[in-house]
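Trainee:
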Amino acid sequence: NNGKIKKQLTIKDGKTTGLTKSYFDNGKPSEVAVYAKGLYDGNFEEYYKSGGLKEKSTYSNGKHLGPYELYYENGKISEKGTYGKTGKEEIFEYSETGNLYGVLTLSDNVPLSIKYINEEKQVLFDQENRKGMYEYPLYFSSGNKAVDMKISEKGFRNGKLTFYYTTGSKKEESNYNEGNLEGKLATY
1191 NNGKIKKQLT IKDGKTTGLT KSYFDNGKPS EVAVYAKGLY DGNFEEYYKS
1241 GGLKEKSTYS NGKHLGPYEL YYENGKISEK GTYGKTGKEE IFEYSETGNL
1291 YGVLTLSDNV PLSIKYINEE KQVLFDQENR KGMYEYPLYF SSGNKAVDMK
1341 ISEKGFRNGK LTFYYTTGSK KEESNYNEGN LEGKLATY
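Numbering (this note's numbering), first residue to last: 1191 to 1378.
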């Protein structure tokens, strides 16, 4: 305990209400959010310990809703998009150098279109299916594959997934059944 405030909030009828601020030990804010009846409800900001903005978004009744932005610690945007009632609806991913490298459109957590390009502006993956895509890759900004993804019609991880390190080597193989980890898991 260093004597500095770690959190400021207001309680009404036993639930957090209004503007709430949380702080790191160094006194800089870690989170600034608006609550209603104990749930996030309004503007939300999360910060890095260094003081830079990490996330800026909006909540409604405890769930993300509307535009959001995520930032690298260097202050450049890493991702922005829009949350709908069932999750992210559009995602724009950026490299640490500021280049757009990924564009995804989703409906009920199922991708309808995905496009990834590398720093040299070469297309790595470009696919669209208005009925939904259930097996697809995700990429790091470096152009290396991040995940071989499989999902169910409900938008949950489903089947064998392979995750990769940023270097491109295999990191993990796992199996999912409707979002639940099931069976053997191997890490590398």
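Backbone N, C-alpha and C define an ideal beta-carbon position, used for all residues, glycine too.
Which term fits E1283, buried or exposed, when burial requires 16 or more other beta carbons within 10 angstroms of its beta carbon?
Mentor: Stepping through the sequence shown from its first residue, residue 1283 is reached at position 93. Buried.
Trainee: My output table needs one value for N1299: the three-state DSSP class, helix, strand or coil.
Mentor: Translated into positions along the sequence shown, residue 1299 becomes position 109. Correct three-state label for N1299: coil.
Trainee: Evaluate G1204 with the Cβ neighbour count: other Cβ atoms within 10 Å of its Cβ, from every protein chain shown; 16 or more gives buried, anything less gives exposed.
Mentor: Here residue 1204 refers to the residue found at position 14 of the sequence shown. Counting Cβ neighbours within 10 Å, G1204 comes out exposed, since fewer than 16 surround it.
Trainee: Using the C-alpha atoms, what's the distance from V1222 back to F1214?
Mentor: By one-based count along the sequence shown, residue 1214 stands at place 24. By one-based count along the sequence shown, residue 1222 stands at place 32. C-alpha separation (whole angstroms): 12 Å.
Trainee: Output the distance between the C-alpha atoms of N1299 and L1209, rounded to the nearest integer angstrom.
Mentor: Locating residue 1299 in the sequence shown gives position 109, counting from the first residue. Locating residue 1209 in the sequence shown gives position 19, counting from the first residue. Their Cα atoms are separated by approximately 30 Å.
Trainee: Excluding five sequence neighbours on each side, which residues of the same chain lie with their C-beta closer than 6 Å to the C-beta of G1349?
Mentor: Walking along the sequence shown from the start, residue 1349 turns up at place 159. Same-chain partners within the cutoff: K1340.
Trainee: On the DSSP bridge list, what partners appear for K1246?
Mentor: Along the sequence shown, one-based indexing puts residue 1246 at 56. In the DSSP output, where bridge partners are listed per residue, K1246 has E1235, E1259.
Trainee: In the structure shown, what three-state DSSP assignment does Y1326 receive?
Mentor: Here the question's residue 1326 lines up with position 136 in the sequence shown. If DSSP states are grouped into helix, strand and coil, Y1326 belongs with the strands.
Trainee: Find the nearest neighbour of Y1262 within the set K1239, N1367, T1272, judged by alpha-carbon distance.
Mentor: Residue 1262 sits at position 72 when you count from the first residue of the sequence shown. Considering only alpha carbons, the answer is K1239.
Trainee: Please classify T1356: does DSSP put it in a helix, a strand, or coil?
Mentor: The residue you call residue 1356 lines up with position 166 of the sequence shown. Under the three-state reduction of DSSP, T1356 is assigned to coil, being neither helix nor strand.
Trainee: Looking at C-alpha atoms only, which residue of V1224, M1323, T1352 is the closest neighbour of K1344?
Mentor: Counted from its first residue, the sequence shown places residue 1344 at position 154. Of the listed residues, the one whose Cα sits closest to K1344 is M1323.
Trainee: Using a threshold of 7 Å, state whether the C-beta atoms of T1352 and S1332 are closer than that.
Mentor: Here the question's residue 1352 lines up with position 162 in the sequence shown. Here the question's residue 1332 lines up with position 142 in the sequence shown. Their beta carbons are not under 7 Å apart, which means T1352 does not touch S1332 by this criterion.
Trainee: Residues in the same chain with beta-carbon distance under 6 Å from G1228, minus the five sequence neighbours each way, listed in chain order, please.
Mentor: Looking up residue 1228 in the sequence shown gives position 38. Cβ neighbours of G1228 beyond the five flanking positions: K1205, T1206.
Trainee: According to DSSP, what are the bridge partners of N1365?
Mentor: Counting from 1 along the sequence shown, the entry for residue 1365 is found at position 175. K1350.
Trainee: Quick check for students: name the residue ranges of the beta strand (DSSP E) that lie wholly in the segment 1207-1236, counting only runs of 3 or more.
Mentor: 1208-1213, 1219-1226
Trainee: What do you get for E1304, buried or exposed, if any count of 16 or more other CB atoms within 10 angstroms of its CB means buried?
Mentor: Walking along the sequence shown from the start, residue 1304 turns up at place 114. Note that residue 1304 is Ile in the sequence shown, not Glu. The residue is buried, with at least 16 neighbouring Cβ atoms inside 10 Å.
Trainee: Alpha carbon to alpha carbon, how far is A1226 from L1199? Give it in angstroms, no decimals.
Mentor: Here the question's residue 1199 lines up with position 9 in the sequence shown. Here the question's residue 1226 lines up with position 36 in the sequence shown. Looking at the two C-alpha atoms, the distance is approximately 11 Å.
Trainee: Exposed or buried, which one is G1292 when buried takes at least 16 other CB atoms within 10 Å?
Mentor: Counting from one through the sequence shown, the residue named residue 1292 turns up at place 102. By the 10 Å Cβ count, G1292 comes out buried.
Trainee: Return the CA-CA distance between Y1378 and S1250, expressed in angstroms with no decimal places.
Mentor: Against the sequence shown, residue 1378 aligns to sequence position 188. Against the sequence shown, residue 1250 aligns to sequence position 60. Cα to Cα, the separation comes out at about 39 Å.
Trainee: Are the CB atoms of G1242 and G1265 within a distance shorter than 7 Å?
Mentor: By one-based count along the sequence shown, residue 1265 stands at place 75. By one-based count along the sequence shown, residue 1242 stands at place 52. Cβ distance < 7 Å, so G1265 and G1242 count as in contact.
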